[in-house]
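Participant: Under the working numbering, the sequence shown has 402 at position 402, and the numbering climbs by one with no breaks. All C-beta atoms in this analysis are idealised placements derived from N, C-alpha and C, irrespective of residue type, glycine included. Mind looking over this structure? Questions follow.
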Amino acid sequence: MILGCIADDFTGATDLANNLVRAGMRTVQTIGVPEGDAAAAALAGVDAVVVALKSRTAPADEAVAQSLAACRWLRAGGARQIYFKVCSTFDSTPRGNIGPVAEALMGALSQDPPAGTAPGFAIVTPAFPENGRTVYKGHLFVGDVLLSDSPMRHHPLTPMTDANLVRVTQAQLAHSRCGLIEHRTVARGAQAVRERIAALRAEGAAYAVADAVGDADLHVLAQASQDLALVVAGSGLAIGIPALHGLAPSAQAALLPAATGERAVVSGSCSAATNAQVAAFIAHPEGGPDRAFAIDPLRLAAGEDLTAQALAWARPRLDARPVLVYATAAPEAVKAVQAQLGAERAGALVEQALARVAAGLVEAGVGQLLVAGGETSGACVQALGVRTLRIGPQIDPGVPWCHATPPARPTGLHLALKSGNFGGVDFFTRAFGTLG
Ligand code: ADP
1 MILGCIADDF TGATDLANNL VRAGMRTVQT IGVPEGDAAA AALAGVDAVV
51 VALKSRTAPA DEAVAQSLAA CRWLRAGGAR QIYFKVCSTF DSTPRGNIGP
101 VAEALMGALS QDPPAGTAPG FAIVTPAFPE NGRTVYKGHL FVGDVLLSDS
151 PMRHHPLTPM TDANLVRVTQ AQLAHSRCGL IEHRTVARGA QAVRERIAAL
201 RAEGAAYAVA DAVGDADLHV LAQASQDLAL VVAGSGLAIG IPALHGLAPS
251 AQAALLPAAT GERAVVSGSC SAATNAQVAA FIAHPEGGPD RAFAIDPLRL
301 AAGEDLTAQA LAWARPRLDA RPVLVYATAA PEAVKAVQAQ LGAERAGALV
351 EQALARVAAG LVEAGVGQLL VAGGETSGAC VQALGVRTLR IGPQIDPGVP
401 WCHATPPARP TGLHLALKSG NFGGVDFFTR AFGTLG
């Protein structure tokens with residue numbers, strides 16, 4: 001393993017893994033730190049492993065403990081550099097968890113540095129220009145506006161009201177100083193960045209926010225940080241790392257075993273994109289109204305076993321054409337349900353029902369499963385007992401096919417986990433075509 005990654009949430013981990021695969025690294029994503037057989041399987045024939053944690057909004061000490069455990073496991077598996085993957089909008093609170101986790105990881109890596117790496121300094125950059133995240137003079141822009149003017153300022157858990165990442169990072173660091181590597185330095189290339197790092201180290205800084213406004217900047221930063229034991233970044237920096245190890249984009253890195261089994265879609269996302277995808281599936285010749293089953297949260301709340309009904313409906317229909325089981329609904333319908341049940345109860349009821357449907361479909365022979373919705377994906381992956389995912393070819397930006405061997409299907413399951421707003425309108429039918 002060349003690169004060991006620790007991601008602070010599930011879909012962020014997939015985003016990073018997808019970028020690594022696209023740039024030529026064979027990559028596995030694990031759900032938490034794997035144990036036993038899953039641990040050995042995760043390490044076989046890979047260039048990078050991404051450990052997905054749920055540590056972004058956990059109490060700081062829990063986030064630190066989880067991240068250190070992941071770091072130990074990745075190091076034991078041979079990782080030469082640790083990539084702490086944070087959100088591209090730097091989601092965190094003034095108490096953490098980016099600063100505390102970064103300091104803990106740097107502490108661990110400094111005590112026992114990977115061969116050939118320099119401990120004690122890390123660059124920090126959430127930039128991902130392809131997705132509209134750029135950093136200039138240490139300030140994070142989301143599209144055309146500063147982070148603090150973006151909708152992120154109203155985030156329910158991690159409101160981001162300061163776009164100055166040097167200040168944000170510094171406020172979260174207990175023991176270290178954070179500096180800045182400005183764009184005019186990055187524009188002069190990797191050697192100039194290395195010199196700036198040396199100067200910052202001499203001044204006593206252990207971290208530096210690095211500007212990046214285009215992909216070329218990310219390549220320079222990846223090169224300049226090649227011998228650092230730790231990097232703290234969004235998924236963007238990953239585009240520059242594989243080439244440093246002689247790897248180039250290739251179909252080989254994204255190669256998955258051949259797909260088998262029947263096809264199904266489980267959709268719990270209510271985003272605008274997913275609503276359009278459900279409508280398109282129902283209108284599509286490969287889909288159709290007789291191949292779509294709606295889950296009504298109010299009937300779930302009334303105690304009806306819609307999981308059993310959905311599975312009984314689906315079983316005789318399973319074949320090479322996909323079936324769709326969905327709770328996806330328009331905003332007014334969701335609001336009406338939430339007014340009656342409360343948002344949390346409605347969400348949990350639907351997630352549990354769809355997760356049981358996903359597990360039941362796989363038991364019934366589905367080998368190619370598409371799940372729409374971030375939370376819905378988490379619930380389905382858990383219900384299926386999936387511990388590791390091999391990342392395959394990208395279907396649409398940010399959504400790759402993955403391969404797992406859960407207990408219910410040891411011969412192999414192809415999974416695509418689509419977060420709400422991702423994917424083209426014909427995603428639910430087109431995605432299967434890309435598997436061949
Ligand atoms: P996204 O990625 O679009 O945010 P998520 O799966 O993360 O999708 O979140 C959607 C949430 O909405 C889930 O908790 C899901 O259970 C819930 N949900 C799905 N359908 C309905 C519905 N018809 N009414 C109320 N809540 C719903």
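Pair every Cβ in the region 286-303 with every Cβ in the region 337-345, then say whether three or more of these pairs are closer than 8 Å.
Facilitator: The answer is yes - the region 337-345 touches the region 286-303, with three or more Cβ pairs under 8 Å.
Participant: Taking the runs of the beta strand (DSSP E) that are 3 residues or longer, which of them lie wholly in the region 44-131?
Facilitator: Qualifying beta strand (DSSP E) stretches, in chain order: 48-52, 81-85, 118-125.
Participant: Figure out for me which residue from Pro407, Glu35, Tyr83 has the closest Cα to the Cα of Val49.
Facilitator: Of the candidates Pro407, Glu35, Tyr83, the one whose C-alpha sits nearest the C-alpha of Val49 is Tyr83.
Participant: Taking 6 Å as the limit between beta carbons, can you name the residues of its chain near Gly78, skipping five residues before and five after?
Facilitator: So the list reads Met1, once near-sequence residues are dropped.
Participant: Name the residue from Gln170, Leu3, Arg22, Cys5 whose alpha carbon lies nearest to the alpha carbon of Leu255.
Facilitator: For the residues Gln170, Leu3, Arg22, Cys5, the minimum Cα distance to Leu255 belongs to Arg22.
Participant: Should the region 103-120 be called in touch with the region 128-146, which here means at least 3 C-beta pairs below 8 Å?
Facilitator: Judged by Cβ distances under 8 Å, the region 103-120 makes no contact with the region 128-146, as fewer than three pairs qualify.
Participant: Could you say if the region 417-433 and the region 369-382 meet the contact criterion of at least three C-beta pairs nearer than 8 Å?
Facilitator: Cβ pair count under 8 Å is three or more, so yes.
Participant: From Val381 to Glu363, what distance separates their C-alpha atoms?
Facilitator: Between Val381 and Glu363, the C-alpha separation is close to 14 Å.
Participant: Identify whether Glu304 lies in helix, strand or coil by the three-state DSSP scheme.
Facilitator: The answer is coil: DSSP assigns Glu304 none of H, G, I, E or B.
Participant: Among Glu195, Phe428, Thr434, Phe422, which has the Cα closest to the Cα of Asn131?
Facilitator: Asn131 has its Cα closest to that of Phe422, out of Glu195, Phe428, Thr434, Phe422.
Participant: Using 8 Å for Cβ pairs, my map puts Ser67 next to Ile6. What's the rounded Cβ distance?
Facilitator: The pair is a contact, with the Cβ atoms about 5 Å apart (cut-off 8 Å).
Participant: Please tell me whether, using a cut-off of 7 Å, the distance from the CB of Thr14 to the nearest non-hydrogen atom of ligand 1 is below it.
Facilitator: No, Cβ of Thr14 sits at least 7 Å from all heavy atoms of ligand 1.
Participant: Tell me the rounded alpha-carbon separation between Asp61 and Leu318.
Facilitator: Rounded to whole angstroms, Asp61 to Leu318 spans 46 Å at the Cα level.
Participant: Using a threshold of 8 Å, state whether the C-beta atoms of Leu180 and Val213 are closer than that.
Facilitator: No. Outside cutoff.
Participant: Are the CB atoms of Val366 and Arg263 nearer to each other than 8 Å?
Facilitator: Contact: yes.
Participant: Is it the case that the CB of Pro297 approaches a heavy atom of ligand 1 more closely than 7 Å?
Facilitator: Yes - ligand 1 has a heavy atom lying nearer than 7 Å to the Cβ of Pro297.
Participant: What's the C-alpha gap between Gln226 and Leu244?
Facilitator: Rounded to the nearest angstrom, the two C-alpha atoms are 8 Å apart.
Participant: Can you tell which of Ala163, Phe281, Ala272 has the C-alpha that lies nearest to the C-alpha of Phe428?
Facilitator: Answer by Cα proximity: Phe281.
Participant: Using a Cβ-Cβ cut-off of 7 Å (strictly less than) and excluding sequence neighbours within five positions of Thr161, which residues of its own chain qualify?
Facilitator: Correct list, in chain order: Ser148, Arg153.
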